[in-house]
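Going by the numbering used here, the first residue of the sequence shown is number 8, and it counts up by one from there. Beta carbons: idealized from backbone N, C-alpha and C, even for Gly. Heads up, the thing below is written out as structure tokens.
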Amino acid sequence: MAGEMMIIEMRSCAWLVLVIGIVLAQNDDLFELNIIHYNDFHAHFDEISVSGGTCNPDTEDCIGGISRLYTAIRQVLEAEPDSLVLNGGDTFQGTVWYNFLRWNVTQYFMNILPKHDAHVLGNHEFDHGVEGLVPYLQHLQAPMLGANVNATLEPELAPLIQNHITVTRNNRTIGIIGILLRTFSAPIGRVIMEDELEAVNREAAILAEQNVDIIIVLSHVGYSSDLWLAERMSPEVDIIVGAHSHTLLFTGDTPDGSTPVGDYPTVVTQANGHRILVVQASCYTRYLGNIKLYFNDQGKIEHWEGQPIYLGTSIVKDPRIEELLNPWRDILYPISREVLGRSLALLNRSWCFRGECNLGSWVCDAFLEQT
């Protein structure tokens with residue numbers, strides 16, 4: 008009996024080794040592309056509380072912040088040096104860092120983060136008009152994308168935005184197309200926002216004519232819109248790296264106990280059978296997206312692996328970035344850290360995007376009392 012069990016175990020081990028060998032051999036024939044991505048940074052240079060607000064490290068665990076984002080990107084790049092690094096937009100607006108320091112501090116730290124391949128415009132990049140965006144783009148070292156952003160009538164802005172770019176990894180050419188939601192409230196000047204789907208299909212056709220068979224859409228239109236677009240866009244597109252809706256996608260249980268909106272990646276199958284993957288990585292530097300794709304010779308995704316990385320306390324803040332933040336903090340903290348009062352209730356700003364919220368009611372009551 009013992010002998011039979013040993014034979015069975017040996018056969019099982021041999022079978023497992025064979026299967027692993029076959030999988031590794033299959034991967035050897037595939038092109039690997041790792042994508043690092045984050046979105047909706049919203050000026051969260053400092054670490055945040057679990058709820059997304061200002062964090063007091065003396066009384067609570069703090070997460071995120073640009074120094075943890077730097078550490079996490081660098082760690083992935085050490086393991087996967089050929090990774091793409093993509094920013095999904097809405098880098099502006101959201102904290103006093105932007106309120107007081109605007110584009111200047113933003114370009115400074117975006118250029119310090121490791122090797123961006125591309126950014127896409129978010130709607131909040133227009134919060135202070137074309138004149139507030141142009142100097143940011145003039146100083147930004149990586150390309151800014153916006154295929155459906157027609158800035159022809161804004162001559163200072165137009166040359167600073169590209170419809171798509173191509174990058175090379177291990178002798179394979181990858182196309183990256185950027186899109187921004189067409190309708191939003193911001194002073195966009197004479198910029199004309201064009202249809203997102205038409206822009207993607209136009210640029211995908213241009214890339215296909217150049218024999219580019221791996222195409223990424225860097226999208227700032229929101230998760231539900233990404234799913235709608237994925238059903239209808241050119242089958243030349245392989246993956247949508249999304250933003251705008253602050254959506255956490257995750258497969259399985261999340262490290263912080265939050266509930267994901269969908270799987271990472273979410274797979275959309277078109278009527279013709281072509282699959283387009285959709286990913287997004289929450290917001291405010293809570294998570295860093297990280298997905299590895301395996302492509303065949305025809306540029307089709309065979310399989311994938313990866314999950315967003317939670318930027319919790321286990322991710323060490325980079326000390327050099329912390330030092331670089333300090334001079335800016337010296338400007339901000341005397342203003343922003345003055346305590347005017349404390350609320351015993353959570354004033355949750357995220358509710359305000361969906362309807363009446365207690366923070367909005369409190370602000371309105373304050374206005375009413377003052378007048």
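TODO: Return the residue from the list Val244, Ile80, Ser321 that minimises the CA-CA distance to His171.
DONE: Val244
Open item on the list: Quick check on the DSSP output: the alpha helix (DSSP H) that includes Ile80 runs from which residue to which?
Closed with: 73 to 86
Task: Three-state class that DSSP yields for Gly362 in the structure shown - done: coil
Open item on the list: Quick check on Thr254: does DSSP put it in helix, strand or coil?
Closed with: coil
- [ ] Compute the distance between the beta-carbons of Leu236 and Val207, then report whether it is under 8 Å.
- [x] yes
TODO: Tell me whether the beta-carbon of Ile186 lies closer than 8 Å to the beta-carbon of Val228.
DONE: yes
Task: Gly95 burial status per 10 Å Cβ neighbour count (16 or more: buried) - done: buried
Task: Pick from Tyr105, Glu67, Pro162 that is closest to Arg197, judged by C-alpha positions - done: Pro162
Open item on the list: Short of 6 Å in beta carbon distance, which residues of its chain neighbour Cys69, apart from the five on each side in sequence? Order them along the chain.
Closed with: Glu54, Cys62
- [ ] Just list the beta strand (DSSP E) runs in the region 103 to 141, keeping only unbroken ones of 3 residues or longer that don't cross its boundaries, in chain order.
- [x] 125 to 127
TODO: Give a single yes or no on whether Arg344 has its beta carbon closer than 7 Å to a heavy atom of the ligand ADP.
DONE: The ligand ADP is absent from the structure shown, which contains no ligands of any kind.
TODO: Would you identify the three-state DSSP class for Val174, choosing helix, strand or coil?
DONE: strand
Open item on the list: Between the alpha carbons of Cys290 and Val57, how many angstroms are there, rounded?
Closed with: 12 Å
TODO: Please go through the region 196 to 271 and give each complete alpha helix (DSSP H) segment of 4 or more residues, from N-terminal end onward.
DONE: 203 to 216, 230 to 239
Task: Cross-strand partners of Phe302 (DSSP beta bridge) - done: Phe38, Ile308
Task: CB-CB length for Gly101 against His44, believed under 8 Å - done: No, Gly101 and His44 are not in contact; Cβ-Cβ is about 18 Å, not under 8 Å.
Task: Segment contact, 8 Å Cβ cut-off, at least three pairs: the region 173 to 190 with the region 142 to 149 - done: no
Task: Residue environment, Ala2, which counts as buried when at least 16 other CB atoms sit within 10 Å - done: Nothing about residue 2 can be read from this structure; the chain reaches only from 8 to 378.
Task: Proximity winner among Trp104, Asn297, Asn118, relative to Thr258 (alpha-carbon distances) - done: Asn297
- [ ] Mind listing, in chain order, the continuous alpha helix (DSSP H) runs of no fewer than 4 residues lying wholly within the region 277 to 353?
- [x] 326 to 343
Task: Leu93 - containing beta strand (DSSP E), residue span - done: 91 to 94
Open item on the list: Do Asn106 and Phe191 have their beta-carbon atoms positioned less than 8 Å apart in this structure?
Closed with: no
TODO: Please classify Gly182: does DSSP put it in a helix, a strand, or coil?
DONE: strand
- [ ] Kindly indicate which residue of Leu331, Ile213, Phe360, Leu300 has the alpha-carbon position closest to the one of Ser252.
- [x] Phe360
Task: Coarse secondary structure for Val275, derived from DSSP in three states - done: strand
Open item on the list: Ile221 and Phe302 - do their beta-carbons sit closer together than 8 Å?
Closed with: yes
TODO: Can you tell me which of the three DSSP states Gln100 falls into?
DONE: coil
Task: Separation of Gln305 from Asn218, as counted between CA atoms - done: 10 Å
Task: Gln169, DSSP secondary structure in three states - done: strand
Task: Rounded separation between Gly367 and Leu188 - CA only - done: 26 Å
TODO: Could you tell me the distance, in whole angstroms, from the CA atom of Asn157 to the CA atom of Tyr271?
DONE: 32 Å
Open item on the list: For a quick check, are the C-beta atoms of Val285 and Leu234 less than 8 Å apart?
Closed with: yes
Open item on the list: Once DSSP output is grouped into helix, strand and coil, what is the label at Val156?
Closed with: strand
Task: Closest by C-alpha distance to Asp382, when choosing among Gln82, Pro194, His51 - done: For residue 382 there is no data in the structure shown, the boundaries of the chain being 8 and 378.
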